[in-house]
Amino acid sequence: MELKKALALENFAQTVYRKCDCCKRVRDIYFRLNIRDAKTASMLVGSLELCKECGYNMGDITNTQIQTERTLEEFSFE
Ligand SMILES: [Zn+2]
């Protein structure tokens, strides 16, 4: 069982301002950590909403490459 499959980090398309489930501080939430059943790594057990710092920390723990910078292309109008 791979750790990053059971603990999968996802980026929110847009940050939301609320309480981080890890550090309990109210700040911009960048990530959701989906927690899956350890035996199958397919069934969803629950999730935690994480701020930038906690998301990066969890990324380090699970050895997952994450980023919070969005590409400028999304904001260009042609
Ligand atoms: Zn946090």
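Here the numbering used here = 1-based position in the sequence shown + 2.
Just so it is clear, CB atoms sit at the ideal spot from N, CA and C, and this is done for glycine as well.
Check	Outcome
Closer than 7 angstroms: residue 52 CB and nearest ligand 1 heavy atom	yes
Any alpha helix (DSSP H) of 4 or more consecutive residues that is wholly inside the stretch 18 to 54	none
beta-carbon residue 12 near ligand 1 non-hydrogen atom, thresh 7 angstroms	no
Sequence-distant residues of its chain with Cβ nearer than 6 angstroms to residue 48 (five each side left out)	37
Contact set for residue 23: own chain, Cβ-Cβ below 6 angstroms, skip 5 residues either direction	50 and 51
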